[in-house]
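Peer 1: Take a look at this one; I'll ask things after.
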Ligand code: MN
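Numbering (our numbering), first residue to last: 7 to 238.
Written out as structure tokens, the structure reads:
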């Protein structure tokens, strides 16, 4: 068998709460505009026809507790706190019951965004990749098993920057529910164990700067912490 020219790294992995095993992260799907108040602050409305998505590569993953450098190419790095679904079984053209049975667990995530690049892409009708899919763009907490978390409902989701609350809502404010999202997404992709879905952010997104410490969480889940390092 031919050797590879250079090492191909394993997928990054995050802890599972209370277990030794790690959850390897494969693809990172992100839902756009899933809270009406955030869609409004972005100058848009929620699309009631169907959810829409963008993706980040697994190399964008940052574990909670890290210091991530202020990324290159932007002067407007934003935080977006999100509820994250971790897939544990293959899922394709799934029913709502099958979709929920394939959920391994949930986590807290930060969909970091180079907002200036995203807005420029939006204005020009171009892809969002440069605004969204960059190294250190996806922060993820340890994963809590779905059975431990229980039903998705009125849990609070929140983010603080240097101790000041910037984002605060509840999971019941999501326009598209987790079964809505999984049944829809599985019509377009063969979802696999290791795929994660960031389910959108509530209002209050805003800029961060080197030295800021971000802390966020969802009731019942492990929280996240991220320190913004010096610009590269
Ligand atoms: Mn987002």
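No residue lacks a Cβ here, since even glycine has one placed at the ideal position from N, Cα and C.
1) Compute the distance between the beta-carbons of residue 44 and residue 213, then report whether it is under 8 Å.
2) Among the candidates 33, 97, 186 and 119, whose CA atom is the shortest distance from the CA of residue 82?
3) Which of the three DSSP states is assigned to residue 106 in this structure?
4) Does ligand 2 have even one heavy atom less than 7 Å from the beta-carbon of residue 88?
5) Between residue 208 and residue 178, which are expected to be in contact by the criterion C-beta below 8 Å, what is the C-beta distance as a whole number of angstroms?
6) Thinking residue 230 and residue 205 are a contact (beta carbons under 8 Å), I'd like their distance in whole angstroms, please.
7) Which residues does DSSP list as the beta-bridge partners of residue 173?
8) Going by C-alpha to C-alpha distance, which of 74, 79, 116 and 99 sits closest to residue 4?
9) Going by DSSP, what residue range makes up the beta strand (DSSP E) through residue 222?
10) Closest to residue 60 by CA distance: which of 40, 170 and 165 is it?
11) Kindly list the residues whose CB is nearer than 6 Å to the CB of residue 181, restricted to its own chain and excluding five residues on each side of it in sequence; keep chain order.
12) Determine the burial state of residue 173: buried for a count of at least 16 other Cβ atoms within 10 Å of its Cβ, exposed for fewer.
13) Can at least three beta-carbon pairs, one atom from the segment 154-168 and one from the segment 120-130, be found at a separation below 8 Å?
14) Taking 8 Å as the cut-off, decide whether the C-beta atoms of residue 62 and residue 144 are in contact.
Peer 2: In brief:
1) Not a contact, by the Cβ cut-off of 8 Å.
2) Ranked by Cα distance from residue 82, the options 33, 97, 186 and 119 are led by 119.
3) The DSSP-derived three-state label of residue 106 is helix.
4) This structure simply doesn't include ligand 2; it includes ligand 1 instead.
5) Actually they are not in contact, since the Cβ atoms of residue 208 and residue 178 sit about 11 Å apart, beyond 8 Å.
6) Residue 230 to residue 205, Cβ: 15 Å. No contact.
7) Its beta-bridge partners are 165.
8) The shown model of the chain, from 7 to 238, leaves out residue 4, and the question about it has no answer.
9) For residue 222, the enclosing beta strand (DSSP E) begins and ends at 219-224.
10) When each option's Cα is compared against that of residue 60, the closest is 40.
11) So the qualifying residues of the chain are 40 and 52.
12) Flag for residue 173 reads buried.
13) A contact between stretches requires three or more CB pairs, one per stretch, nearer than 8 Å, and the segment 154-168 fails this requirement with the segment 120-130.
14) With respect to residue 144, residue 62 sits close: the two C-beta atoms are nearer than 8 Å.
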